[in-house]
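Worksheet: the structure to be examined is printed underneath.
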Amino acid sequence: MINQQLINPKSIVVIGGSNDVTKPGGKILKNIIDGNFKGDVYVTNLKESEVQGIKSYSNPADLPEVDLAVIAIAARFIPETVELLTKQKNTRAFIILSAGFSEESEEGAKLEKQIVDTINSVNGSLIGPNCVGILTPNHHSIFTYPIPKLTEKGCDFISGSGATACFIMEAGIPKGLTFANVFSVGNSAQMGVEEVLKYLDESFDPERSSRVKLLYIETVAKPQMLLKHASSLIRKGCKIAAVKAGSSDAGSRAASSHTGALASPDVAVDALFRKAGIVRCYGREDLIAVASVFLHPELKGKNIAIITHAGGPAVMLTDALSNGGMNVPHIDNPASKELLTHLFPGSSVANPIDFLATGNAEQLGKIIDFVDNKFDEIDGMAVIFGTPGLFPVFDVYDVLDKKMKECKKPVYPVLPSILTAKEEINAFIEKGRIIFPDEVTLGNALARVYHTPAPSPEKIELPKVDKAKIREIIESSKDGYLEPKAIQGLLDAAGIPRAGEAVASRLEDAIDAAERLGYPVVMKVVGPVHKSDVGGVVLNVKNAESVKAEFERMIKIKDTTAVLIQPMLSGTELFAGAKYEEKFGHMILCGMGGIFIEVLKDVSTRLSPISNDDALSMIRNLKGYKIIQGVRGQKGINENIFADVLVRLSALLNAAPEIMEMDLNPLLGKEDMVVAVDARIRVGS
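Going by the numbering used here, the sequence shown opens with residue 13, and the numbers climb by one from there.
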């Protein structure tokens, strides 16, 4: 847990403080002093009587009581030091900078556990080990640079990597990005990103707390905690963006070696972020751009006007926005014709609004006024203005700043001349502005922010299902893949529509079933997992003779125990499924069936439980959604029925958490039905 001794200590001791500011123990002491910490500062150093002008204690036992200990000594000496401080000096908060713990060896992991146990025994707080420290308005207990000027309107930043935290600040500060608090959690031995986010949620002050949270995560150790507190903060009006590294197999290995913990399955992380409303980013510049978008007024729609004096960047921004599902709508109305009269000949107002390389500050102001007040179809605007260095552009950026204060619509400044117009850009940033040096990065960030859904509701009402019947089937089944009769019972109990079917282990029963269900029928082997691979699926069986021939062939296929018979139905193939992921819970999946799932991997994923709105969002996010809507004269699929199947699947998982995997593939969909044709369910304890 995070306590007041960590956040707002009255006293700090640097264990291993040094006069050498090139060492962590020296640099962190300097930063604490330079940060004007208002409490008492103590130092321990075996060889020095005074460190950076502060009395040094050679023996920690001689220290007075102290709230927070920042430790920068060898790992092997830390457990006994922590023991002394907790038991004799009433120390309740620790920041351990030192490495040599679980990230290195089994022996290091034992030392780490010993430290955590000691701190937990006094309800203390631990950040680290193997971290760079923390940065708050109260104390700068961090041994790296840069140290930004902290402001309540900046970003709270929590990072699992100290170096990454530094690099993100290094790249963000020159663009005008500001920070409120920075936490580097290192090995997360006691507290990781999730616990810090929990603290930010539980201590949130609508008047004073930062509204933007940035996360760099290598391991989602407590997904339910992350989900709860991220979604809670977003409901309170905050915005959260996160980089989850280790999405590839190689990246997972790298994350594992870095943190001493396994990286989380990436599909589950995606599902978690969507459910929480977290904007997922894929690198430092991506995260900085999304954070910068957050710190501008909220974009209410997806129609963007591009205002530019340079054609090439406008084309690239148009492409980035269009590819991201945003709009750069053509503008042609009486107001646009009026605007054209205020610009130099050759200008264009069709969107992008190009007022040429000779365009000036007065014209820029006029364009922004028109877009803000007279172009109702536009929701926000990006202004691209650099310079070839022929003359200063202070006046242009002054107008831009003035108009940004006045505008009802958000204005995103793309200022690419970071060297040639360095002085002008710095003056613009000094006014409290944030810039975007690259138009494509801005376009991608706008799309990512706009298309990230709001958090799912805290309480989701699932449809009623026959829980008693579901529990009866589950409790009477063995671990592994269920028999067709059990699967049929579960689908019926959950209210998931399925094709009529029968299971036959004798030829006579197969023929009777085919006659009852009506020709043509489909025949499938029961037993083999991959039916098609073993010749265990036959379509369009039209008469009893064919049933006889196919049954006698199929029953001989290895592992076959019976033959499943269904009526031959038509429709577009869909897919729905579920998978249990350790710590995350059940994931619901949906997509187009057949080749779409096998080749194109066109699948949407959410963490269960899901609402009807979640289900519809999953369907509408599919690349093949136009097929569901109906394309080229073909009738579409009833997406409301498809959504109901997904929600009922979620209700089934709620009643039967023992389900480890479930496939409804294919479902056949038409404008008036969605029916499960084949299903596979695996249960486990």
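Cβ coordinates follow ideal geometry from the N, Cα and C atoms, glycine included.
Just so you know, these numbers come straight off a predicted model, no measurement behind them.
Val-33 versus Ile-170 - alpha carbon distance: On the sequence shown, residue 33 is found 21 positions in, with the first residue counted as 1. On the sequence shown, residue 170 is found 158 positions in, with the first residue counted as 1. Whole-angstrom Cα-Cα distance: 25 Å.
Is the Cβ of Ile-380 closer than 8 Å to any Cβ of chain C? In summary, chain C is missing from the structure at hand, where a single protein chain is found.
Using alpha carbons as the reference points, say which of Leu-138, Ala-280 and Cys-167 lies closest to Val-204. Working through the sequence shown from its first residue, we reach residue 204 at position 192. Checking the sequence, you will find Gly at residue 204 rather than Val. The option with the nearest alpha carbon to Gly-204 is Leu-138.
Buried or exposed (CB count within 10 angstroms, at least 16 for buried), Ala-433: Position 421 of the sequence shown, counted from the first residue, corresponds to residue 433. That one is buried.
Beta-bridge pairing of Gly-597 - partner residues as DSSP gives them: By 1-based counting over the sequence shown, the position of residue 597 is 585. Paired residue(s): Glu-593.
Length of the line joining the Cα atoms of Gly-648 and Gly-295: As a position in the sequence shown, residue 648 is number 636, starting the count at 1. As a position in the sequence shown, residue 295 is number 283, starting the count at 1. Near 39 Å, if we compare the C-alpha coordinates of Gly-295 and Gly-648.
Within the region 401-485, ranges of the alpha helix (DSSP H) (whole runs, at least 4 residues): 406-418, 434-442 and 451-463
Given this structure, state the Cα-to-Cα distance separating Lys-8 from Glu-487, to the nearest angstrom. Coverage of the chain is limited to positions 13 through 697, which leaves residue 8 absent and any answer about it impossible.
Let me check one thing: in DSSP terms, what residues is Arg-694 bridge-paired to? To locate residue 694, count along the sequence shown from 1; it is residue 682. According to DSSP, Arg-694 bridges with Tyr-493 and Glu-673.
Residue interval of the beta strand (DSSP E) (run including Asp-168): To locate residue 168, count along the sequence shown from 1; it is residue 156. It spans 162-171 - the beta strand (DSSP E) in which Asp-168 sits, taken as one unbroken run.
Near Ala-512, which residues of its chain fall below 8 Å by C-beta distance, leaving aside the five closest residues on each side in sequence? Residue mapping note: residue 512 aligns to position 500 of the sequence shown, counting from 1. Reading off the sequence shown, one finds Gly at residue 512, where the question assumed Ala. Closer than 8 Å at Cβ, skipping near neighbours: Leu-529, Gln-578 and Pro-579.
For Asn-335, which of helix, strand or coil comes out of DSSP? For this step, residue 335 is matched to residue 323 along the sequence shown. Residue state, collapsed to three classes: helix.
Taking its Cβ as the centre, do 16 or more other Cβ atoms sit within 10 Å of Ser-70, making it buried, or is it exposed? Here residue 70 refers to the residue found at position 58 when the sequence shown is read from its first residue. Looking at its Cβ environment, which holds fewer than 16 other Cβ atoms inside 10 Å, Ser-70 is exposed.
For Ala-283, three-class secondary structure by DSSP: As a first step, residue 283 must be located in the sequence shown, where it is residue number 271. In the structure shown, Ala-283 sits in a helix (DSSP, three-state: H, G or I).
Counting only the same chain and skipping the five closest in sequence on each side, list residues whose C-beta sits under 7 Å from that of Thr-148. Here residue 148 corresponds to residue number 136 of the sequence shown, with the count starting at 1. Excluding residues within five positions, the ones whose Cβ falls inside 7 Å are Ile-19 and Asn-193.
Buried or exposed for His-598, please, with buried defined as at least 16 other CB atoms from any protein chain shown within 10 angstroms of its CB. Translated into the one-based positions of the sequence shown, residue 598 becomes position 586. His-598 comes out buried.
Under three-state DSSP, which class holds Ile-365? As a position in the sequence shown, residue 365 is number 353, starting the count at 1. It is a strand residue.
Could you check whether the region 97-105 touches the region 113-126, counting it as contact only if at least three pairs of C-beta atoms, one from each stretch, sit closer than 8 Å? no
Identify every run of the alpha helix (DSSP H) within the region 560-588, keeping only runs that are complete inside it and at least 4 residues long; order them along the chain. none
Mind reading off the beta-carbon distance from Val-534 to Leu-551? Whole number of angstroms is fine, and I expect it under 8 Å. Looking up residue 534 in the sequence shown gives position 522. Looking up residue 551 in the sequence shown gives position 539. Going by Cβ atoms, the distance from Val-534 to Leu-551 rounds to 5 Å, so yes, they are a contact pair.
Quick one: give me the first and last residue of the beta strand (DSSP E) that Ile-319 is part of. Taking the first residue of the sequence shown as 1, we reach residue 319 at position 307. First-last of the beta strand (DSSP E) with Ile-319: 316-320.
Measuring alpha carbon to alpha carbon, tell me which of Ala-505, Tyr-493, Arg-460 and Val-461 ends up nearest Lys-7. The chain is shown only over 13 to 697; residue 7 falls outside these bounds and no answer can be derived.
Would you list the residues sitting across from Cys-293 in a DSSP beta bridge? For this step, residue 293 is matched to residue 281 along the sequence shown. Cys-293 is bridged to Val-255.
Check Gly-323 in the structure and name its three-state DSSP category. Along the sequence shown, one-based indexing puts residue 323 at 311. Residue state, collapsed to three classes: helix.
Which one of Leu-427, Thr-584, Gly-289 and Glu-593 has the shortest CA to CA distance from Val-643? Sequence index remark: in the sequence shown, residue 643 carries index 631 (1-based). Nearest C-alpha to Val-643: Thr-584.
Under 8 Å: do the region 487-497 and the region 355-367 share three or more Cβ pairs, one atom per stretch? no
Per the contact definition of three or more C-beta pairs closer than 8 Å, is the region 393-411 in contact with the region 422-441? yes
Please report how far the alpha carbon of Lys-312 lies from the alpha carbon of Ser-468, in whole angstroms. Counted from its first residue, the sequence shown places residue 312 at position 300. Counted from its first residue, the sequence shown places residue 468 at position 456. Distance between the alpha carbons of Lys-312 and Ser-468: 19 Å.
Roughly how many angstroms lie between the CA atoms of Pro-678 and Phe-587, to the nearest whole one? If you number the sequence shown from 1, residue 678 lands on position 666. If you number the sequence shown from 1, residue 587 lands on position 575. Straight-line Cα distance between these residues: approximately 6 Å.
DSSP beta-bridge partners for Leu-80? As a first step, residue 80 is located in the sequence shown; it is residue number 68 there, counting from the start. Looking at the DSSP assignment, Leu-80 forms a beta bridge with Ile-24 and Ala-105.
Would you mind giving the Cβ-Cβ distance between Ser-222 and Glu-164, rounded to the nearest angstrom? I have them listed as a contact below 8 Å. Counting from 1 along the sequence shown, the entry for residue 222 is found at position 210. Counting from 1 along the sequence shown, the entry for residue 164 is found at position 152. Correct: roughly 6 Å between the Cβ atoms.
Return the chain-ordered list of same chain residues with a C-beta closer than 8 Å to the C-beta of Ile-609, the five sequence neighbours on each side being excluded. Taking the first residue of the sequence shown as 1, we reach residue 609 at position 597. Contacts found: Phe-587, Gly-603, Val-615 and Asn-677.
Residue range of the unbroken alpha helix (DSSP H) whose run includes Val-134: Here the question's residue 134 lines up with position 122 in the sequence shown. Segment: none, Val-134 is in no alpha helix (DSSP H) and carries neither H nor E.
Spatially closest choice to Glu-310 from Leu-352, Lys-682, Lys-251 and His-321, by CA coordinates: Taking the sequence shown and counting its residues from 1, the one referred to as residue 310 is at position 298. Of the listed residues, the one whose Cα sits closest to Glu-310 is Lys-251.
For Ser-114, is the beta carbon positioned less than 7 Å from some heavy atom of the ligand NAP? With respect to small molecules bound, the structure shown includes none, and the ligand NAP cannot be examined in it.
From Ile-180 to Lys-314, what distance separates their C-alpha atoms? The sequence position of residue 180 within the sequence shown is 168, counting from 1. The sequence position of residue 314 within the sequence shown is 302, counting from 1. Taking the straight line joining both Cα atoms gives about 28 Å.
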